[in-house]
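The structure under discussion appears below in the form of structure tokens.
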Amino acid sequence: MRHVLRVFWQQLFGRDERARGLRNWHTSIAPDSATSTTFFLLMRRMRVPLITLITIFTVSVVGLTLVPGQDAAGRPAPMDVFDAFYFMSYTATTIGFGELPAAFTAAQRLWVIVTIYLTVVGWAYAIGALLTLLQDRAFRQALAWRRFSRQVARLREPFLLLAGYGRTGELLGRSFDALGQQLVVVDKAQDRIDALDLAAYRVGVPGLAADARNPHHLGLAGLDHPYCTGVLALTDDDEANLAIAMTAALLRPELAVITRTLSRTTAARMRDFGSPTVVNPFDRFGDHLRLALRAPASYQLLSWLEAGPGAELPPRADPPQQGRWVMCGYGRFGRELTADLEAEGLEVTVVETTGNPDRSGGLPAGVQDGTAGAEESVLAAADLGTAVGLVAGTSNDVTNLSLLSAARRRNPDLFLAARQNRPESAPLFAALGVDSLLVPTEVIAHEVYAQLSTPLLWRFLQEMPAQGDDWARRLIERLSRDCGTALPPLWRTDLSPAAAPALHRWLQDGDARLGELLRSPEDRDRPLRVVALLVRRGDEVTVTPDPDLRLRPGDQLLMAGRPADRRAFEALLSDDSLVEYVVHGRHVPSGWIGRRLAGQPAGRR
């Protein structure tokens with residue numbers, strides 16, 4: 001934990017050492033004029049009311065100095081400018097101390113009556129104008145932008161800039177918040193930004209209702225901030241995501257950029273600007289279905305690991321590997337999945353419904369065209385009796401549900417896959433018992449989480465298909481046995497001198513084995529319920545390493561285990577006495593004095 005005074009010093013005076021290395025290239029973004037218009041908008045709208053108040057005050061003061069007055073002895077005593085100003089100051093504000101410095105004459109009281117009514121009218125006009133200004137949309141937007149820019153400027157920890165706070169953004173927000181990852185959100189819809197205040201986040205998430213395609217808005221959201229470490233372009237508009245990826249690549253080329261699209265053409269245009277990670281949920285679902293056809297256990301493991309800690313082990317899908325499939329809907333999703341199924345050597349019958357808004361262009365030869373709403377006639381032409389699987393892939397959830405229900409009545413043995421377009425339809429698809437369901441927002445959220453939460457996890461997922469289905473089945477059994485059917489926390493451990501000082505001398509000896517490190521510091525004969533998923537040494541990786549693997553300084557480990565076992569494992573990294581017991585079976589004092597008396601090394605090398 002960082003020192004409290006140090007945190008205060010950093011927040012008071014700006015950057016600290018962590019900012020070094022986060023920025024290595026700089027292109028400034030000219031500030032948007034909207035961020036500095038609050039004061040000028042206030043002055044412009046309140047100019048006439050303020051001039052009116054000043055005029056009434058000036059005329060009242062001048063009148064009091066001109067109206068004849070007298071003192072207690074009856075001698076003429078005109079009021080000077082200071083006394084008149086003092087009197088009007090407490091009269092105009094309705095305080096009322098009385099007649100000063102002497103009792104007023106009838107003429108003075110008559111003039112005071114006039115000024116009282118004038119100031120009341122002036123104040124009513126000014127207050128009414130101010131209330132109208134506070135309700136003005138432009139002024140409230142200017143205040144929100146100014147407040148947002150200050151929140152972002154005060155950030156002193158690495159954060160991700162999230163453009164688009166739809167369903168995908170909500171899923172990622174909860175997942176990253178559980179990891180303590182700071183986010184800054186930009187979305188064009190005000191109601192989505194308002195939802196940030198209602199979300200139960202552990203830390204405040206600054207949000208701005210603005211068009212993320214505007215580079216000034218991205219700059220206001222922290223694109224130019226030294227602690228910005230990545231940009232997530234996850235809006236539902238491919239052109240907007242392209243503009244965001246282009247802006248980030250040109251202005252901050254060192255940042256990690258992850259964006260979503262439903263078009264291969266747009267994905268190619270995005271890759272023209274740097275090397276962003278482009279997620280196409282339709283393409284990913286096709287890859288997942290092909291993996292499930294070839295290696296069901298590998299697909300089960302992939303789905304489990306991408307779902308995040310706490311996710312229950314999903315059931316193992318068993319799609320038919322031979323036979324004819326029926327593809328309902330030949331839009332972008334239908335074309336992607338049809339190509340993937342045919343690449344696996346499967347026969348595909350495509351059925352399209354007239355009026356499908358997701359369809360572009362004409363239908364190729366061999367595609368049967370049906371009428372929207374006539375699911376029975378459409379499926380009758382597809383000959384479901386001889387088919388083994390059906391995919392309902394239109395852009396309308398009602399149509400997809402109707403197709404699935406009609407197909408199940410005709411052939412109860414069909415393997416059913418579907419595309420869910422709206423989150424509200426989730427209970428309906430669950431009640432129908434679909435074998436494989438594509439939820440584009442969840443596919444994107446899971447992949448983004450896997451790439452950014454633990455970078456070693458993404459490398460592990462890339463290496464996983466080459467390991468084989470039997471390997472995946474054994475790993476699932478091992479994780480379920482040691483950690484339960486709920487996915488345990490995943491974390492990275494660096495075996496560097498700074499991160500693991502107690503292990504440094506042991507690692508330098510050259511005979512440090514992984515299995516010796518995975519023993520309980522309370523009873524070395526009992527292994528920790530921790531699974532080593534991957535070891536990275538430079539550019540080389542070892543998946544599910546053997547317990548006899550020799551570790552070296554600088555190795556990185558991807559671990560999975562229960563929280564209690566994780567704490568016990570991490571205690572070994574910094575406690576010499578625990579390492580002596582776990583590795584050599586010797587009990588040694590943990591304090592400096594005790595180690596000196598016992599003849600043990602007093603410090604770490």
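For the sequence shown, counting from 1, position 107 maps to 107 in the UniProt record's numbering; every step adds exactly one. Note that beta-carbon positions come from the ideal geometry of N, C-alpha and C, so glycine has one too.
With a CB to CB cut of under 7 Å and the five nearest residues on each side skipped, what residues in its chain are close to residue i?
| i | result |
| --- | --- |
| residue 114 | none |
| residue 221 | 152, 161, 184, 186 and 208 |
| residue 312 | 485 and 486 |
| residue 241 | 233, 235, 259, 260 and 261 |
| residue 444 | 168, 234, 260, 279 and 281 |
| residue 87 | 64 and 100 |
| residue 482 | 529 and 531 |
| residue 545 | 514, 532 and 535 |
| residue 316 | 296, 297 and 300 |
| residue 239 | none |
Can you list, in chain order, the residues of its chain with a C-beta nearer than 6 Å to that of residue i? Leave out the 5 residues immediately preceding and following it.
| i | result |
| --- | --- |
| residue 243 | 213 |
| residue 373 | Its pLDDT being 44, under 50, residue 373 is placed unreliably in this model, and the value from its coordinates should be taken loosely. Nothing meets the Cβ criterion. |
| residue 158 | 227 and 229 |
| residue 111 | 63 and 67 |
| residue 49 | 125, 126 and 129 |
| residue 309 | 487 and 489 |
| residue 248 | 231, 255 and 257 |
| residue 108 | 67 and 69 |
I need the straight-line Cα distance from residue i to residue j, nearest angstrom please.
| i | j | result |
| --- | --- | --- |
| residue 424 | residue 399 | 15 Å |
| residue 492 | residue 532 | 10 Å |
| residue 37 | residue 54 | 24 Å |
| residue 345 | residue 267 | 27 Å |
| residue 81 | residue 58 | 11 Å |
| residue 79 | residue 70 | 9 Å |
| residue 126 | residue 98 | 25 Å |
| residue 449 | residue 136 | 40 Å |
| residue 191 | residue 287 | 35 Å |
| residue 150 | residue 180 | 21 Å |
| residue 365 | residue 140 | Note that residue 365 has pLDDT 44, beneath the 50 cutoff, so the model's placement of it is unreliable and the number below is only indicative. The alpha-carbon atoms of residue 365 and residue 140 are separated by roughly 57 Å. |
| residue 562 | residue 529 | 7 Å |
| residue 585 | residue 565 | 19 Å |
| residue 328 | residue 383 | 13 Å |
| residue 73 | residue 93 | 31 Å |
| residue 76 | residue 142 | 55 Å |
| residue 474 | residue 560 | 15 Å |
| residue 91 | residue 147 | 36 Å |
| residue 178 | residue 200 | 11 Å |
| residue 380 | residue 411 | 11 Å |
| residue 250 | residue 453 | 25 Å |
| residue 134 | residue 394 | 47 Å |
| residue 577 | residue 525 | 17 Å |
In the DSSP output, which residue or residues are listed as bridge partners for residue i?
| i | result |
| --- | --- |
| residue 415 | 389 |
| residue 436 | 417 |
| residue 557 | 493 and 535 |
| residue 332 | DSSP output for residue 332 lists no bridge partner at all. |
| residue 209 | 187 |
| residue 542 | 535 |
| residue 326 | 349 and 390 |
| residue 76 | 70 |
| residue 580 | Answer by DSSP bridge pairing: none, since residue 580 is not bridged. |
| residue 146 | According to DSSP, which records beta bridges pairwise, residue 146 is partnered with nothing at all. |
| residue 550 | 513 |
Would you please state the rounded distance, in angstroms, between the beta carbons of residue i and residue j? I believe it to be under 8 Å.
| i | j | result |
| --- | --- | --- |
| residue 534 | residue 460 | 5 Å |
| residue 403 | residue 392 | 4 Å |
| residue 259 | residue 245 | 5 Å |
| residue 573 | residue 582 | So it is not a contact: roughly 11 Å between Cβ atoms. |
| residue 56 | residue 119 | 6 Å |
| residue 390 | residue 326 | 5 Å |
| residue 290 | residue 340 | 5 Å |
| residue 527 | residue 568 | At roughly 11 Å, the Cβ-Cβ gap does not stay under 8 Å, so residue 527 and residue 568 are not in contact. |
For the ligand PLP, is there any heavy atom lying closer than 6 Å to the beta carbon of residue i?
| i | result |
| --- | --- |
| residue 47 | Ligands in the displayed structure: none, and consequently the ligand PLP is not present. |
To which residues of the same chain is residue i closer than 8 Å at the C-beta, ignoring the five residues directly before and after it?
| i | result |
| --- | --- |
| residue 495 | 503, 507, 551, 552, 553, 554, 555, 556 and 557 |
| residue 314 | 300, 303, 304 and 307 |
| residue 463 | 534, 541 and 543 |
| residue 271 | 278 |
| residue 338 | 327, 330, 348 and 350 |
Would you say residue i reaches chain D, if we count a Cβ-Cβ gap shorter than 7 Å as a contact?
| i | result |
| --- | --- |
| residue 289 | Any reference to chain D falls outside this structure, which holds one protein chain only. |
_Segments of 4+ residues assigned as alpha helix (DSSP H) that fall wholly inside the stretch 468-530_ = The alpha helix (DSSP H) runs lying completely inside the stretch 468-530 and spanning 4 residues or more are 469-483, 504-508 and 514-517, given in chain order.
_Whole runs of the beta strand (DSSP E) within the stretch 156-191, excluding any shorter than 3 residues_ = Runs found: 159-163 and 182-187.
_So within the stretch 218-286, which uninterrupted alpha helix (DSSP H) runs reach at least 4 residues, ignoring any that extend past its ends?_
Qualifying alpha helix (DSSP H) stretches, in chain order: 238-251 and 264-271.
*Segments assigned alpha helix (DSSP H), at least 4 residues, entirely inside the stretch 82-138*: Segments of the alpha helix (DSSP H) lying fully in the stretch 82-138: 106-134.
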